[in-house]
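Enquirer: So the protein lines, in turn, are chains A, B, C and D. Under UniProt numbering, the first sequence has 309 at position 309, and the numbering climbs by one with no breaks. Under UniProt numbering, the second sequence has 215 at position 215, and the numbering climbs by one with no breaks. Under UniProt numbering, the third sequence has 10 at position 10, and the numbering climbs by one with no breaks. Under UniProt numbering, the fourth sequence has 35 at position 35, and the numbering climbs by one with no breaks. Quick reminder that beta carbons are idealized off the backbone N, C-alpha and C, glycines included. Below are the structure tokens for one structure; questions will follow.
There are 4 protein chains.
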Amino acid sequence: MPTKKELLSQPIQHIDIKQHNVVPLIDAMQSMAYSSRDAARAASIYDMMLRDTDCGVILCLAGSLISAGLQKVFIDLIRNNMVDAIVSTGANIVDQDFFEALGFNHYIAGDEYKYGAGDADLRELMIDRIYDTFIDEEELRICDETIHQITNSLEHRPYSSREFIREMGAYLVKEGKTPAAGGRDSIILAAYEKNVPIFCPAFSDCSAGFGLVAHQHARQGKPMVSIDSAKDFYEITQLKIANPTTGLLMIGGGVPKNFAQDIVVAADVLGVEASMHKYAIQITVADARDGALSGSTLKEASSWGKVDLTYEQMVFSEATLALPLIAGYAFHKKAHAARKGKQWATILNQVPVTV
Amino acid sequence: MPTKKELLSQPIQHIDIKQHNVVPLIDAMQSMAYSSRDAARAASIYDMMLRDTDCGVILCLAGSLISAGLQKVFIDLIRNNMVDAIVSTGANIVDQDFFEALGFNHYIAGDEYKYGAGDADLRELMIDRIYDTFIDEEELRICDETIHQITNSLEHRPYSSREFIREMGAYLVKEGKTPAAGGRDSIILAAYEKNVPIFCPAFSDCSAGFGLVAHQHARQGKPMVSIDSAKDFYEITQLKIANPTTGLLMIGGGVPKNFAQDIVVAADVLGVEASMHKYAIQITVADARDGALSGSTLKEASSWGKVDLTYEQMVFSEATLALPLIAGYAFHKKAHAARKGKQWATILNQVPVTV
Amino acid sequence: MPTKKELLSQPIQHIDIKQHNVVPLIDAMQSMAYSSRDAARAASIYDMMLRDTDCGVILCLAGSLISAGLQKVFIDLIRNNMVDAIVSTGANIVDQDFFEALGFNHYIAGDEYKYGAGDADLRELMIDRIYDTFIDEEELRICDETIHQITNSLEHRPYSSREFIREMGAYLVKEGKTPAAGGRDSIILAAYEKNVPIFCPAFSDCSAGFGLVAHQHARQGKPMVSIDSAKDFYEITQLKIANPTTGLLMIGGGVPKNFAQDIVVAADVLGVEASMHKYAIQITVADARDGALSGSTLKEASSWGKVDLTYEQMVFSEATLALPLIAGYAFHKKAHAARKGKQWATILNQVPVTV
Amino acid sequence: MPTKKELLSQPIQHIDIKQHNVVPLIDAMQSMAYSSRDAARAASIYDMMLRDTDCGVILCLAGSLISAGLQKVFIDLIRNNMVDAIVSTGANIVDQDFFEALGFNHYIAGDEYKYGAGDADLRELMIDRIYDTFIDEEELRICDETIHQITNSLEHRPYSSREFIREMGAYLVKEGKTPAAGGRDSIILAAYEKNVPIFCPAFSDCSAGFGLVAHQHARQGKPMVSIDSAKDFYEITQLKIANPTTGLLMIGGGVPKNFAQDIVVAADVLGVEASMHKYAIQITVADARDGALSGSTLKEASSWGKVDLTYEQMVFSEATLALPLIAGYAFHKKAHAARKGKQWATILNQVPVTV
């Protein structure tokens, strides 16, 4: 059996879409069929979304994407004003992005581990597996503990996940986990610096949860930090109200997809007639036939009044293949040239803190 | 085009597993292959889980299951002491179960609507579609508004979703939405009466969110109700600590799967060496090959120290086909005969409220 | 490592739909959603197909179904006049059905073999794997060799696969591989006795191919047996012409699905205006989104003029779960009570042999 | 409703991998996860396969690939000595490649047609649909009829599909359906000119079948052309014997995958100890969990002694996305620089015709 060191020797490396001009490739795919044509149409919708400077772009992340080598894609979208808010599962933002921001890596697992043949051995070595990727669980525990420390440093009150993640950004700056200070760039840091709010509506459902549980355990019966998921919903709805034209770039489904779609209805509940999301793209392999939200078509979302039918496109592909093409297309077409970031975090700073 | 009344004329009816003795069928499937054998093995693991009276059974629900005619299955599991805690998406519990508890129905949609051909028309009629099922959006708005009223009636402090859902159960009793008072049975009611805690770790990501947003909007700058997802995680971890032997019956993946698996690690974070989930079943059609959690194998979860390898089974099937067979098997085998409910809600009542 | 004998110790056992009255279960599923409702509708279409005594029923088989424990389902359909012709992959008919007719078994493989962890060991033991099922390759070689002997015994001319498989049925009778003579029942035998023609349009693509190759190798430059796939197509088209009303019960996709659908067009090519298949059911997990025929919807087939839109149903399920329910429903509803077999083999005996 | 002319106005255009240097993109994907890393590994295996000049490369085609814009990829592989034999479904070679060689096109269908909403209308207009692609059925009938004419022109005896397709190539040359004569290039033509044999083991299961049925109908009781699928198997096995080192590049599964894998066993049946396929790649979205061959892993094939475990890679992607990357990588790496075509058609010309 290989040693832990041997197993954790080849780090995942994040693709740099700036290095790959896929515009001619995607242009060629526009006249093909199936996923290639769908990917090309999705790319052109993302391009339109960015050229429509009224449009606020909401990026939704589900699945294990950062561990898969897509971190830099999202960083580049943020730094180039190609995304204005992020709704994500906790794992992507905390266990994976913040984890790498702390200096840790994900590792390539050999093909023979994909289907679980070595999982008992991995358990003994404290190596966690995500399909074909390894994580050092001891490093992950440090990530959990860092969240614990950040939590302990905060005022005792309810926080939206957005507020909490902003504190994580501040932590990275303070601790020198920035490129300027010799550290790495990260989604949290880039979003912090570019005023892009990040929401994890199921925030305790990840490494952050461990830190929070430790905090709350120690504070039982005393004032403590809590995470108010309703506040997340309230805040992101404010964005829809402030910026009526919106577009969704969704990788995977799950809570982020549902949450971001729902803000149209939530605005309506607050008495503001909100337009449906004008643009919507989803990359997923989920099947529609089990009726679950993750694979449900964007047409279905239009029956709910959430997504407009005109510019929507599902792309049936695992994201590591399709996203570099779609995001890279918009980048190299310079769709964002005339675009400024919406600086949405500044709007949210006006939402009163919960007392 | 049909009228709204015509479109909403055939209600979904919930299957009653008590009426279908599938034991001989499942026994026959034990010596076949593929999904039938997997379903048979899952059924036998659920049977074992229930006979192991030390074991606390955690039911995880993702996907649109209640709208699909599975509500009564879950009610029967609760009322027959076959489940001790539930972790669910909000949609199943609020938009669908609570919605039906209020007296509303889901409706059968014709095959021609499945792929979105009529979605523009549905939008105009305020009919929402879930694949092959219709919902009257006007009724759903009443459901949202009921949550709003419940929220307004509560003390202003952070709540776990479990605490909030318990208040929804109390509301049903108070309003006579019970079989005894001529109303319908529901998951929330049965769980309320049987002391089965229900957690929705992403609670604002559903109809409940609309009511909560309305509440918080009206209370900006003043004390308000908030939903603390960290408290959810803390509470369910307490259950793992109080009852070390646990089993998971998971329908779909998503947040419920991750959340319930994670409590093993969370207990460890709190300094209690917790055993992995001893039994685990998941019914899903999600693919493993995109690396996302929903389709990740239970073997993968064992690398994380969350699920034991001995008694785990994935079943590749859409749930409406496989669950009545698996749950019905355990029911008709009387696996629960010697079992008492764990009454876990009583343990949680000892967790202090957040101040 | 276990021995070959240990690995091949638990035979696959074929489910007996006659023992499981699933009518109430399927009736309950008619008012649910997703796959359960689709399965219920498919069952009712199969029921209609059988009650429409003008209708000739064509069963299409792709995937490894016989090895999975479904052999007896198909035998029961044949012996109860519930199917009039079969179009199949070669593997189901030769490698699996004929193989079992010779007295051999398929075996249950442990879950740990499903994803290939033991394949190198299996190779050394001459054990072939189909997902979670084992086959003794030495026994399979006997099956190949038996085909070789049958081929050698035939007149040297082109055969349709249907003619060849009929000779395989005659062989089973001659060699006492029948229940009457203490052997087992099989699809080939039942079809032989009930005059149900079986077509394998890609006949050399299976164990039969090995026997045929051996024959042709020995006969190079001399008259030999050949397998004329065009004759298959000609013959089955004659059935459509002789019996205009037809229904398809398709398990899986592939060549059988395409071939059976195409006979509507082929009849047209021969100058006979043929009606589309009046009824069509397909059970499959194949995805529509790659554009391949196996997962293509039956609606798509209607654009080709092959399948009528009125009574068609796709069922998204692995077949071992759904087929016992669908076939069992029609059987226990006695849909076939008034039905006589079409005895289609007698029509085909009038097609001249190829000279 | 749009007219037929309006519906058939945007032809599918075939991607030209020579125009897109994807080497840096694929190199970047080697250190990512999931499908991107798998695609990168598959690309590197194809690269190795081509550099191993002993290796004969067998390309397997299933699914509707030519209609999807991949025709030129396969033509380029043939013309650049990157493939030595082709095993395909009939649809790709006859209905689609030969069809385009005759001067016809496939057309882009709007997204709204994908799920069957317009199929009844399409039927009336004689437009056939493949997912998101349209075909003029009147043109397809001309293709059928052309096959009929070619068949009528042949000597009356059994043909392998390879022999028949070679005659189709000769027809294209004779009729000036070549680039040199102002026509288009095609797979059949390129293969004819480069001595690359093409096998369609289920040859009658496509447009060719219609022409053959018409021929055989007119010739009933008289000598006729027949298509001997056993001869196909015999011939391709001769290639394995003549050239022991082989690699498979498989797009989709079905008959081509099974057929090409089986030649290892067939060689063994003929008394020649054949090595397993040394290299194997499959691009597919088929699921392994239904046990069918199309989605079965290449590891499973190794248990049958067909595929070596060392250099095999499944890629989970719809082919129009993954194939241009994989084939383009090998092309732009000039993996074929030192490679000459195997000219395998010349070996097969030595197999005696069937008498």
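Measure from the C-beta of N92 of chain D to each C-beta in chain C and report whether the shortest distance is under 8 angstroms.
Expert: Taking the fourth sequence and counting its residues from 1, one reaches residue 92 of chain D at position 92. Taking Cβ atoms only, chain C never reaches closer than 8 angstroms to N92 of chain D, which makes this a no.
Enquirer: Which residue marks the beginning of the beta strand (DSSP E) containing V307 of chain D, and which one marks its end?
Expert: The residue labelled residue 307 of chain D in the question sits at position 307 within the fourth sequence. Its beta strand (DSSP E) spans residues 307 to 316.
Enquirer: Would you call the stretch 127 to 138 of chain C in contact with the stretch 239 to 254 of chain C, where contact means no fewer than 3 C-beta pairs closer than 8 angstroms?
Expert: These segments do not touch.
Enquirer: Let me know if A28 of chain B comes out buried or exposed under the rule of 16 or more other beta-carbons within 10 Å of its beta-carbon.
Expert: Here residue 28 of chain B corresponds to residue number 28 of the second sequence, with the count starting at 1. Its Cβ being crowded by 16 or more others within 10 Å, A28 of chain B is buried.
Enquirer: Compare the C-alpha of residue 391 of chain C against each of C:I251, C:G247, C:F259, C:I147 and name the closest.
Expert: Here chain C covers residues 1 to 355 and nothing more, so residue 391 of chain C does not appear.
Enquirer: According to DSSP, what are the bridge partners of V87 of chain D?
Expert: For the purposes of this step, residue 87 of chain D is taken as the residue at position 87 of the fourth sequence. BP columns for V87 of chain D point to D:C60, D:F199.
Enquirer: Could you pull out every residue in the same chain whose Cβ sits closer than 6 angstroms to the Cβ of Q343 of chain A, ignoring the five residues on either side in sequence?
Expert: The residue given as residue 343 of chain A occupies position 343 in the first sequence. For Q343 of chain A, where only same-chain residues beyond five positions count, the Cβ hits under 6 angstroms are N195.
Enquirer: Just to make sure I have the definition right: I need the residues of chain C whose C-beta is within less than 8 angstroms of the C-beta of Q13 of chain B. Which are they?
Expert: Residue mapping note: residue 13 of chain B aligns to position 13 of the second sequence, counting from 1. Neighbours of Q13 of chain B on chain C, chain order: A28, S31, M32.
Enquirer: How would you write the range of the alpha helix (DSSP H) that L325 of chain C sits in, first residue to last?
Expert: Against the third sequence, residue 325 of chain C aligns to sequence position 325. From DSSP, the alpha helix (DSSP H) with L325 of chain C extends over 319 to 332.
Enquirer: What runs of the beta strand (DSSP E), each 3 residues or longer, lie entirely inside the stretch 233 to 313 of chain A?
Expert: Those beta strand (DSSP E) runs which fall completely within the stretch 233 to 313 of chain A and span 3+ residues are 246 to 251, 277 to 284.
Enquirer: Just the Cα atoms here: how many angstroms apart are V94 of chain D and C60 of chain D?
Expert: Your numbering for residue 94 of chain D matches position 94 in the fourth sequence. Your numbering for residue 60 of chain D matches position 60 in the fourth sequence. The straight-line gap from Cα to Cα measures roughly 15 angstroms.
Enquirer: Nearest-angstrom Cα distance between residue 357 of chain D and H215 of chain D?
Expert: Outside the shown range of chain D (1 to 355) lies residue 357 of chain D, about which nothing can therefore be said.
Enquirer: Where do the N-terminal and C-terminal ends of the beta strand (DSSP E) with A134 of chain B fall, by residue?
Expert: The residue labelled residue 134 of chain B in the question sits at position 134 within the second sequence. Correcting the residue type first, residue 134 of chain B is Phe in the shown sequence and not Ala. F134 of chain B -> beta strand (DSSP E) spans 133 to 136.
Enquirer: Can you pull the chain B neighbours of G221 of chain A, defined as C-beta to C-beta under 8 angstroms?
Expert: Sequence index remark: in the first sequence, residue 221 of chain A carries index 221 (1-based). Neighbours of G221 of chain A on chain B, chain order: P352, V355.
Enquirer: At least one CB of chain D closer than 8 angstroms to the CB of N243 of chain C: is that the case?
Expert: On the third sequence, residue 243 of chain C is found 243 positions in, with the first residue counted as 1. It does not; no Cβ of chain D falls within 8 angstroms.
Enquirer: Going by other Cβ atoms of all chains shown within 10 Å of its Cβ, with 16 needed for buried, is residue 356 of chain B buried or exposed?
Expert: The question about residue 356 of chain B has no answer here: the residues shown for chain B are numbered 1 through 355.
Enquirer: For H148 of chain D and A120 of chain D, I'd like the C-alpha separation in whole angstroms.
Expert: As a working note, residue 148 of chain D is residue 148 in the fourth sequence. As a working note, residue 120 of chain D is residue 120 in the fourth sequence. Approximately 29 angstroms, taken between the alpha carbons.
Enquirer: Measure from the alpha carbon of M224 of chain C to the alpha carbon of each residue in C:K231, C:E235, C:G211, then state which is nearest.
Expert: In the third sequence, the residue the question calls residue 224 of chain C occupies position 224. Residue C:G211 is the option with its Cα nearest to M224 of chain C.
Enquirer: Quick one: does W304 of chain D have its CB under 8 angstroms from some CB of chain C?
Expert: As a first step, residue 304 of chain D is located in the fourth sequence; it is residue number 304 there, counting from the start. So yes, W304 of chain D belongs to the interface.
Enquirer: Tell me which same chain residues have a C-beta within less than 8 angstroms of the C-beta of A338 of chain C, skipping the five on either side of it?
Expert: Numbered from 1 along the third sequence, position 338 holds the residue referred to as residue 338 of chain C. So the qualifying residues of the chain are R51, T53.
Enquirer: Report the neighbours of E318 of chain C on chain B: residues whose CB is nearer than 7 angstroms to its CB, in chain order.
Expert: For the purposes of this step, residue 318 of chain C is taken as residue 318 along the third sequence, with counting starting at 1. Result: Y34, S35, F316, S317.
Enquirer: According to DSSP, is S161 of chain A helix, strand or coil?
Expert: Looking up residue 161 of chain A in the first sequence gives position 161. In this structure, S161 of chain A counts as helix in the three-state DSSP scheme.
Enquirer: Taking the CB atoms as reference points, tell me whether Q238 of chain A and I347 of chain A lie closer together than 8 angstroms.
Expert: Here residue 238 of chain A is taken as the residue at index 238 of the first sequence, counted from 1. Here residue 347 of chain A is taken as the residue at index 347 of the first sequence, counted from 1. The answer is yes: Cβ separation under 8 angstroms.
Enquirer: How would you call Q350 of chain B, buried or exposed, if buried means at least 16 neighbouring beta carbons within 10 angstroms?
Expert: Start at 1 with the first residue of the second sequence, and residue 350 of chain B comes out as number 350. Answer is exposed; the Cβ neighbour count stays below 16.
Enquirer: For a test of the three-state rule: what should DSSP assign to P179 of chain A, helix, strand or coil?
Expert: Your numbering for residue 179 of chain A matches position 179 in the first sequence. Of the three classes helix, strand and coil, the one that applies to P179 of chain A here is helix, per DSSP.
Enquirer: Assuming D47 of chain A is part of the alpha helix (DSSP H), what are its boundary residues?
Expert: Looking up residue 47 of chain A in the first sequence gives position 47. Unbroken alpha helix (DSSP H) run through D47 of chain A: 34 to 51.
Enquirer: Between which two residues does the beta strand (DSSP E) holding I130 of chain A run?
Expert: On the first sequence, position 130 is the one that residue 130 of chain A refers to. Unbroken beta strand (DSSP E) run through I130 of chain A: 127 to 130.
Enquirer: Short check: CB of A39 of chain D to CB of L325 of chain D, under 8 angstroms?
Expert: Position 39 of the fourth sequence, counted from the start, is the residue given in the question as residue 39 of chain D. Position 325 of the fourth sequence, counted from the start, is the residue given in the question as residue 325 of chain D. For A39 of chain D and L325 of chain D, yes; Cβs fall inside 8 angstroms.
Enquirer: Going by Cα to Cα distance, which pick from B:M1, B:G116, B:T133 is closest to Q30 of chain C?
Expert: As a position in the third sequence, residue 30 of chain C is number 30, starting the count at 1. Per the Cα distances, B:T133.
Enquirer: One question on the structure: do L321 of chain C and A322 of chain B come within less than 8 angstroms of each other, judged by their Cβ atoms?
Expert: Mapped onto the third sequence, residue 321 of chain C falls at position 321. Mapped onto the second sequence, residue 322 of chain B falls at position 322. The answer is yes: Cβ separation under 8 angstroms.
Enquirer: Going along chain A in order, which residues have a C-beta closer than 8 angstroms to the C-beta of H20 of chain D?
Expert: Position 20 of the fourth sequence holds residue 20 of chain D. Residues of chain A passing the Cβ test: P24, L25, A28.
Enquirer: So, does the stretch 264 to 280 of chain C touch the stretch 78 to 85 of chain C, judging by three or more C-beta pairs under 8 angstroms?
Expert: Not touching, per the Cβ criterion.
Enquirer: Is there a C-beta anywhere in chain D that falls below 8 angstroms from the one on Y159 of chain A?
Expert: Counted from its first residue, the first sequence places residue 159 of chain A at position 159. Answer no: the Cβ-Cβ gap between Y159 of chain A and chain D never drops below 8 angstroms.
Enquirer: Looking only at DSSP bridge pairs, what is P11 of chain C linked to?
Expert: Translated into the one-based positions of the third sequence, residue 11 of chain C becomes position 11. DSSP lists C:Y107 as partners of P11 of chain C.
Enquirer: Are the stretch 56 to 72 of chain C and the stretch 85 to 94 of chain C in contact at 8 angstroms, needing three or more beta carbon pairs?
Expert: The stretch 56 to 72 of chain C, when compared against the stretch 85 to 94 of chain C, does touch it at the 8 angstroms Cβ threshold.
Enquirer: Please determine, among A:A327, A:G252, A:E273, A:I281, the residue with the shortest C-alpha to C-alpha distance to A292 of chain A.
Expert: Looking up residue 292 of chain A in the first sequence gives position 292. It is A:G252 whose Cα lies nearest to the Cα of A292 of chain A.
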